[in-house]
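In UniProt numbering, the protein residues as written are 1 to 85.
Just so it is clear, CB atoms sit at the ideal spot from N, CA and C, and this is done for glycine as well.
Quick look at the structure:
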């Protein structure tokens with residue numbers, strides 16, 4: 001995650017994982033759905049189907065688990081799926 005200017009909202013001293021969580025909370029407050037999916041639900045015939053009328057952010061849980069170190073610093077890229085109308 002980019003640790004740039006957060007408009008004076010107090011996020012500058014927070015770690016990357018906190019900022020990601022904060023961003024997801026903000027989006028959920030604006031009718032977005034957030035899902036951390038298993039490998040099974042991410043691909044293949046068992047893939048989760050989302051409604052076209054629902055704004056969704058989907059993250060692969062296994063990728064999320066390794067993208068951040070124990071201090072919450074992002075150490076790897078994170079692929080996410082944005083679904084919006």
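Setting aside the 5 residues that flank it on each side, residue 83 is surrounded in the same chain by 50 and 56, each with a C-beta closer than 6 angstroms to its C-beta; the list follows chain order. Residue 63 and residue 78 have their alpha carbons spaced roughly 7 angstroms apart. Residue state for residue 39 is assigned as helix, using DSSP reduced to three classes. When the Cα atoms are used, residue 39 and residue 22 turn out to be separated by approximately 24 angstroms. Partner residues in the beta bridge of residue 74, as assigned by DSSP, are 68.
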